[in-house]
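Q: Structure provided below as structure tokens; questions to follow.
Protein chains: 4
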Amino acid sequence: MSQDTAKRILDAAITLFAEHGFQETSLRDITGLADVNLASVNYHYGSRKALVQAVADHYLAPLCRDLENRITERLIDDTKVHPEELFEMLVKAVLKASSSRPQGVVLFMRLMGFAYLETQSDLRPFIIKRYGETFKRFMRMLHSSVPNLSEDEFFWRVHLMLGATILPLSSHHALTEIESESYETQASVEVILHRLVPFLVAGLSASADTVSPKVEKLL
Amino acid sequence: MSQDTAKRILDAAITLFAEHGFQETSLRDITGLADVNLASVNYHYGSRKALVQAVADHYLAPLCRDLENRITERLIDDTKVHPEELFEMLVKAVLKASSSRPQGVVLFMRLMGFAYLETQSDLRPFIIKRYGETFKRFMRMLHSSVPNLSEDEFFWRVHLMLGATILPLSSHHALTEIESESYETQASVEVILHRLVPFLVAGLSASADTVSPKVEKLL
Amino acid sequence: MSQDTAKRILDAAITLFAEHGFQETSLRDITGLADVNLASVNYHYGSRKALVQAVADHYLAPLCRDLENRITERLIDDTKVHPEELFEMLVKAVLKASSSRPQGVVLFMRLMGFAYLETQSDLRPFIIKRYGETFKRFMRMLHSSVPNLSEDEFFWRVHLMLGATILPLSSHHALTEIESESYETQASVEVILHRLVPFLVAGLSASADTVSPKVEKLL
Amino acid sequence: MSQDTAKRILDAAITLFAEHGFQETSLRDITGLADVNLASVNYHYGSRKALVQAVADHYLAPLCRDLENRITERLIDDTKVHPEELFEMLVKAVLKASSSRPQGVVLFMRLMGFAYLETQSDLRPFIIKRYGETFKRFMRMLHSSVPNLSEDEFFWRVHLMLGATILPLSSHHALTEIESESYETQASVEVILHRLVPFLVAGLSASADTVSPKVEKLL
DNA sequence: TATGAATGAGCGTTCATTCAT
DNA sequence: AATGAATGAACGCTCATTCAT
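Laid out in structure tokens, this is it:
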């Protein structure tokens, strides 16, 4: 029973945070869905903020552990790393980390989206502090896989890619409504990923210079 | 005085929404900054939700009017439209619509971001209902400017582009903190746009097929 | 109606704080007795702490104003001041400041007692900051009215007198229960004061030295 | 181990009650300091209230036992008893009963203060019921040591003395802050007692009549 | 046209206590 | 003998909204 309540809370929190965002989800919503006592959140997690961080940990801890392993393993072989390999690596790690529950990837991406957008919650600093090193390690590898991109240019491209990844995935249930198709959900995530990677590769590999005259003109 | 109060409220709302997001901004914050009575928001706008929509209108109404004009004007000349032209058109319209105040583009993108994530309850349906036709018209032109892209494929690429555009811009204040540079704000927005367009063009123009074997393998 | 709610809250707060202490009285107790909405406390006073301070102000502001006037007036005549005069002055000021409601003195003394004993509430520092000067002025006069008392000795005697004054008055309703008499309340306060003043005068005027050998022996 | 846990709880309770008062100290504070399980308080003592009473017993039981012995022993010699003897007797008993730990006297006096103000719900009735007889016996001796004091007059003087004793001692940590001296704690308690006794003797011995005309005038 | 006052609902948190093991 | 888990009640506070003036 002990472990059960804490897990029920975490599950309900993941569901509701992903559905409505962090700030629009109250502890009463969570404990109501989990069918546990309101005070048990504080008992098991200490505070609302700690629960939010536990949700983040639930995804990011295994993800980063897995990613570290893959990176380390790949570096044994010191041949040149291609960007496609790294994207492949990341996608696999994300899929594995979020495979434990249905809709896992979507929930994860929505959580990342809210973490990105919601300024008040201290989630972003928490994530940077606890998992920043792993992501930086990955980013350094990614950067060196695409030469001829300045530090600045690369930094922003990463965020453009993040935006392209997180936002469509996190709202894909609404998008699929627009498409007016009904289909099995996990498949649709694969479809998005299927369409995402070539987009990212092309965007990351784009020359920074070619269109800049035009852009400068219009600014 | 009446018009003045309503305007002061709108200005304060735009400022605070852009600074702290929608959910983190209370009517008390807004009326406090505007130095008007708390009840005047409901008096002038009817409800909090209506105020949020008024803020959306503030940006989207001139934007769509401007965009419609540009589209119509361009279609007089029935030569083939290139994607760069359309991006240029959109960026100009966005910059013009948000030029009236500092941080205008950022607020606008944050607004779109929240609408995307559906947190601000009914903002997305409101926008679709009121401004959807203009965007659809634009999208149709964009689609026909890039042949050899299936309906589905194009649909998703649009959202990937939206994600790449909206999310980095809407959180750019946090990103620039990470970059640890000090900079004049509006300039930094231009920098982002400067870096955004080649990324979008490359992504949109990417072949859909090339990397699909790899991706299928990893899913 | 505006002034009414704030006053009803203050009245209920005074009653309940005096009856059960500050910490054992909740805002819901107060608003329940006052028959007003819970949120109106925050509306009119800002916070619970501010309400507590308003209660203190209610008694101490007129008391200190009155006391200042009496002190100033007395100092016009530069004859020697006797301790009895000062006690008389203080008692009159206290009675006047608390005359506005039945049991006024008792409530006032209980409030002072709780302020003395309850460590958590920040009431004591608040009182010292806002009214300390007046009391210091009074104390300086009292000190110079009883020569041959060291600074330290006098300081402690003041607190002994305060204890003798506040604590019996604040629990006098319980004491009178023990005495098993029933009588009109204000009269009983007069009885206490009647018995208090000679006690205080004797205590304040006691020689500091006479019994010290004995005391030292027993410590 | 059983006895150990109960004792650790009592020790922690005494420490924290003395430091922050009864109401400001939660069971979690106590069990946290004692490093025992939260539920063990209820297991060993039954309830929070029973723990408070156990703390009272811890001081009052040996005090009253000691006091009874001293009274009985003194009565063997049937010479007249002087008030100083009785104060000496009481002070010795209090010091002895509270000598087992630092700050003992202060805690004891705070306990009495809260019991006096009736805030700690049923502490006063509990003390009266369990230890009232001893105190009454002492009071009767004290009364007969000071002739010419009416029953009423004596009754009130006892409470004035109690107030003068309890209140300054129970808040002496705050008072000494005001004095802005740094000092070894137990010593400061002795200083207070040093200054208390002559004050009490003088107050108790004061004639009841001398100043009454003045007082009556001002009421 | 505008506002001070008031309201009901809901928030995260803390509490002493209970109970199965 | 002892405890981890859980609970219901209550806490101070903030919220968007309403309403009489």
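Chains as they are written, first to last, in our numbering: chain A, 1 to 219; chain B, 1001 to 1219; chain C, 2001 to 2219; chain D, 3001 to 3219. Glycine is no exception: its CB is placed at the ideal position from the N, C-alpha and C atoms. The structure displayed is predicted, hence computed values, not measured ones.
Considering only residues of the same chain and omitting the five flanking positions on each side of Pro1093 (chain B), which have a CB-CB separation below 8 Å?
A: Within the second sequence, numbered from 1, the residue matching residue 1093 (chain B) stands at position 93. Reading the sequence as shown, one finds Ala at residue 1093 (chain B) and not Pro. Same-chain partners within the cutoff: Leu1063, Asp1066, Leu1067, Arg1070.
Q: My output table needs one value for Phe1087 (chain B): the three-state DSSP class, helix, strand or coil.
A: Within the second sequence, numbered from 1, the residue matching residue 1087 (chain B) stands at position 87. In this structure, Phe1087 (chain B) counts as helix in the three-state DSSP scheme.
Q: Taking the straight line between their C-alpha atoms, what separation do you get for Asp1078 (chain B) and Glu1133 (chain B)?
A: Reading the second sequence from its first residue, position 78 is the one you call residue 1078 (chain B). Reading the second sequence from its first residue, position 133 is the one you call residue 1133 (chain B). Their Cα atoms are separated by approximately 21 Å.
Q: Which whole-angstrom value is the C-beta distance of His3044 (chain D) and Thr3015 (chain D), which I expect to be below 8 Å?
A: Taking the first residue of the fourth sequence as 1, we reach residue 3044 (chain D) at position 44. Taking the first residue of the fourth sequence as 1, we reach residue 3015 (chain D) at position 15. About 17 Å; that fails the 8 Å criterion.
Q: Check the Cβ-Cβ distances between Tyr3116 (chain D) and every residue of chain C, and say whether any is below 8 Å.
A: Numbered from 1 along the fourth sequence, position 116 holds the residue referred to as residue 3116 (chain D). By this cut-off, Tyr3116 (chain D) is an interface position.
Q: Kindly list the residues whose CB is nearer than 7 Å to the CB of Val1036 (chain B), restricted to its own chain and excluding five residues on each side of it in sequence; keep chain order.
A: The residue given as residue 1036 (chain B) occupies position 36 in the second sequence. Closer than 7 Å at the Cβ level, and outside the excluded window around Val1036 (chain B), lie Thr1005, Arg1008, Ile1009.
Q: Could you name each continuous alpha helix (DSSP H) segment of 4 residues or more that falls completely within the region 3029 to 3080 of chain D, going from the start of the chain to the end?
A: The region 3029 to 3080 of chain D contains these whole alpha helix (DSSP H) runs: 3039 to 3045, 3048 to 3076.
Q: Give me the subset of the region 2098 to 2114 of chain C whose CB atoms are less than 8 Å from a CB atom of chain D, sorted by chain position.
A: Residues Arg2110, Gly2113, Phe2114.
Q: Give a yes or no on contact between the region 1093 to 1113 of chain B and the region 1158 to 1171 of chain B, applying the rule of three or more CB pairs nearer than 8 Å.
A: Because the criterion of three Cβ pairs below 8 Å is met, the region 1093 to 1113 of chain B and the region 1158 to 1171 of chain B touch.
Q: Starting from the C-beta of Leu1200 (chain B), find all residues in its chain whose C-beta is less than 6 Å away, skip the five residues before and the five after it, and write them out in chain order.
A: Your numbering for residue 1200 (chain B) matches position 200 in the second sequence. So the qualifying residues of the chain are Met1161.
Q: Would Ala202 (chain A) and Gly1203 (chain B) be called neighbours here (beta carbons separated by less than 8 Å)?
A: Taking the first sequence and counting its residues from 1, the one referred to as residue 202 (chain A) is at position 202. Taking the second sequence and counting its residues from 1, the one referred to as residue 1203 (chain B) is at position 203. Yes, Cβ-Cβ distance for Ala202 (chain A) and Gly1203 (chain B) is below 8 Å.
Q: How far does the alpha helix (DSSP H) with Glu3153 (chain D) in it extend, from its first residue to its last?
A: Here residue 3153 (chain D) refers to the residue found at position 153 when the fourth sequence is read from its first residue. Run containing Glu3153 (chain D): 3151 to 3170, per the alpha helix (DSSP H) assignment.
Q: Compare the beta carbon distance of Leu3027 (chain D) and Leu3038 (chain D) with 8 Å and say whether it is the shorter of the two.
A: Your numbering for residue 3027 (chain D) matches position 27 in the fourth sequence. Your numbering for residue 3038 (chain D) matches position 38 in the fourth sequence. Yes, the pair counts as a contact, with Cβ atoms nearer than the cut-off.
Q: Classify Asp2238 (chain C) as helix, strand or coil using the three-state DSSP reduction.
A: It is not possible to answer for residue 2238 (chain C), since the shown part of chain C is limited to 2001 through 2219.
Q: Quick one: using the 10 Å Cβ neighbour count with 16 as the cut-off for buried, is Ser2150 (chain C) buried or exposed?
A: For the purposes of this step, residue 2150 (chain C) is taken as the residue at position 150 of the third sequence. Ser2150 (chain C) is exposed by the Cβ-count criterion.
Q: With a Cβ-Cβ cutoff of 8 Å, do Ser3098 (chain D) and Val3146 (chain D) count as a contact?
A: In the fourth sequence, the residue the question calls residue 3098 (chain D) occupies position 98. In the fourth sequence, the residue the question calls residue 3146 (chain D) occupies position 146. Cβ distance not < 8 Å, so Ser3098 (chain D) and Val3146 (chain D) don't count as in contact.
Q: So which of C:Gly2032, C:His2143, C:Gly2104 has the shortest CA-CA distance to Lys1969 (chain C)?
A: Residue coverage of chain C in this structure runs from 2001 to 2219, which leaves residue 1969 (chain C) outside it and unanswerable.
Q: Of all the CB atoms in chain C, is at least one closer than 8 Å to the CB of Arg3157 (chain D)?
A: Locating residue 3157 (chain D) in the fourth sequence gives position 157, counting from the first residue. Chain C, which has a Cβ nearer than 8 Å to the Cβ of Arg3157 (chain D), makes this yes.
Q: Could you check what DSSP says for Asp1011 (chain B) in three-state terms: helix, strand or coil?
A: Counting from one through the second sequence, the residue named residue 1011 (chain B) turns up at place 11. In the structure shown, Asp1011 (chain B) sits in a helix (DSSP, three-state: H, G or I).
Q: Using a 10 Å radius around the Cβ and a threshold of 16 neighbouring Cβ atoms, would you call His2082 (chain C) buried or exposed?
A: The sequence position of residue 2082 (chain C) within the third sequence is 82, counting from 1. Exposed, since its Cβ has fewer than 16 Cβ neighbours within 10 Å.
Q: With 8 Å as the threshold, decide whether the Cβ of Gln3053 (chain D) is near any Cβ in chain C.
A: What you label residue 3053 (chain D) is simply residue 53 of the fourth sequence in a count that begins at 1. Not closer than 8 Å to any Cβ of chain C, the Cβ of Gln3053 (chain D) fails to qualify, so no.
Q: With DSSP collapsed to three states, give me the class of Ser1182 (chain B).
A: The residue given as residue 1182 (chain B) occupies position 182 in the second sequence. Below a pLDDT of 50, predicted positions are generally treated as unreliable, and Ser1182 (chain B), at 40, falls in that range; the measurement from the model is reported next regardless. Residue state, collapsed to three classes: coil.
Q: Secondary structure at Glu2024 (chain C), three-state DSSP: helix, strand or coil?
A: Working through the third sequence from its first residue, we reach residue 2024 (chain C) at position 24. In the structure shown, Glu2024 (chain C) sits in coil (DSSP, three-state: anything other than H, G, I, E or B).
Q: Using beta-carbon positions only, say whether Ser100 (chain A) and Phe22 (chain A) come within less than 8 Å of one another.
A: As a working mapping, residue 100 (chain A) is identified with position 100 in the first sequence. As a working mapping, residue 22 (chain A) is identified with position 22 in the first sequence. No; because the gap between Cβ atoms is not below 8 Å, this pair is not in contact.
Q: In whole angstroms, what separates the C-alpha of Val1041 (chain B) from that of Ser40 (chain A)?
A: Walking along the second sequence from the start, residue 1041 (chain B) turns up at place 41. Walking along the first sequence from the start, residue 40 (chain A) turns up at place 40. C-alpha separation (whole angstroms): 39 Å.
Q: Going along chain D, which residues have a C-beta under 9 Å from Arg2028 (chain C)?
A: By 1-based counting over the third sequence, the position of residue 2028 (chain C) is 28. Correct list: empty, because the minimum Cβ distance to chain D is about 17 Å.
Q: Pull up the distance between the alpha-carbon of Phe2108 (chain C) and that of Ala2012 (chain C), whole angstroms please.
A: As a position in the third sequence, residue 2108 (chain C) is number 108, starting the count at 1. As a position in the third sequence, residue 2012 (chain C) is number 12, starting the count at 1. Each residue's alpha carbon lies about 14 Å from the other.
Q: Going by DSSP in three states, Leu3200 (chain D) sits in which element: helix, strand or coil?
A: On the fourth sequence, position 200 is the one that residue 3200 (chain D) refers to. Three-state result, Leu3200 (chain D): helix.
Q: Got a sec, what are the start and stop residues for the alpha helix (DSSP H) His1082 (chain B) sits in?
A: Looking up residue 1082 (chain B) in the second sequence gives position 82. Neither: His1082 (chain B) is in no alpha helix (DSSP H) and is coded neither H nor E.
Q: How close, in whole Å, do the beta carbons of Val3105 (chain D) and Leu3090 (chain D) come, if the pair is a contact with beta carbons under 8 Å?
A: Here residue 3105 (chain D) corresponds to residue number 105 of the fourth sequence, with the count starting at 1. Here residue 3090 (chain D) corresponds to residue number 90 of the fourth sequence, with the count starting at 1. Not a contact, Cβ separation roughly 12 Å.
Q: Under 8 Å between the Cβ atoms of Phe3155 (chain D) and Gln3053 (chain D)?
A: Within the fourth sequence, the letter at position 155 stands for residue 3155 (chain D). Within the fourth sequence, the letter at position 53 stands for residue 3053 (chain D). No. Outside cutoff.
Q: Going by CA-CA distance only, name the one from C:Arg2048, C:Ala2164, C:Leu2117 that's closest to His3020 (chain D).
A: Along the fourth sequence, one-based indexing puts residue 3020 (chain D) at 20. Comparing Cα positions, the closest option is C:Leu2117.
Q: On the three-state DSSP scale, how would you describe Ser1098 (chain B)?
A: Start at 1 with the first residue of the second sequence, and residue 1098 (chain B) comes out as number 98. Reduced to three states, the DSSP call for Ser1098 (chain B) is coil.
Q: Which term fits Lys46 (chain A), buried or exposed, when burial requires 16 or more other beta carbons within 10 angstroms of its beta carbon?
A: As a first step, residue 46 (chain A) is located in the first sequence; it is residue number 46 there, counting from the start. Going by the sequence as given, residue 46 (chain A) is Gly instead of Lys. Exposed, because fewer than 16 other Cβ atoms sit within 10 Å of the Cβ of Gly46 (chain A).
Q: Count the other C-beta atoms from every protein chain shown that fall within 10 angstroms of the C-beta of Tyr2183 (chain C), then say buried if there are 16 or more, exposed otherwise.
A: Residue mapping note: residue 2183 (chain C) aligns to position 183 of the third sequence, counting from 1. Note on Tyr2183 (chain C): pLDDT 42, under 50, position unreliable in the model; the coordinate value appears next. Result: exposed.
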